[in-house]
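What follows is a set of notes on a single structure, which appears directly below.
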């Protein structure tokens, strides 16, 4: 869907359902590197001079993946993807589905949710 069509659709939904914006739930996951590394791949640093700095980082540093959701009713989460206290895991379809089934849906049931766009 193009941007213009999406805006027109959203405006129509808001005209029909005035509190439509309160029914939108946004979610995302992110990685936190446990060695303190910060991914600056998409950061732009403006300077008069090139600092010519090289930072060595491990090829596969240990990281923790965290999921969270935001909506008008508050924050749902955080959810930490891990097997147990000592083992972080890669997020795949099965683990994401398990998080939705075992964590997200029960959390939603704790709130008065009539309709929600996820």
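In our numbering, the protein residues as written are 665 to 782. In this text, a Cβ means the ideal position worked out from N, Cα and C, and glycines have one as well.
Candidates the options, of which the one nearest residue i by Cα
i	options	result
residue 733	756, 778, 712 and 691	691
residue 759	724, 697 and 747	747
residue 737	776, 744, 720 and 725	776
residue 763	745, 678 and 703	745
residue 685	693, 756 and 671	671
residue 778	681, 676, 666 and 675	681
Coarse secondary structure for residue i, derived from DSSP in three states
i	result
residue 710	coil
residue 760	helix
residue 718	coil
residue 754	coil
residue 742	strand
residue 680	helix
residue 671	helix
Cβ-Cβ separation, residue j to residue i (assumed contact under 8 Å), whole Å
i	j	result
residue 768	residue 728	Actually they are not in contact, since the Cβ atoms of residue 768 and residue 728 sit about 18 Å apart, beyond 8 Å.
residue 780	residue 723	In fact, because the Cβ distance is near 40 Å, the residues do not count as touching under 8 Å.
residue 772	residue 726	Not a contact, Cβ separation roughly 31 Å.
residue 693	residue 755	6 Å
residue 721	residue 743	26 Å between Cβ atoms; not a contact.
Residue burial classification, residue i (beta-carbon count within 10 angstroms, cutoff 16)
i	result
residue 739	exposed
residue 731	buried
residue 673	exposed
residue 735	buried
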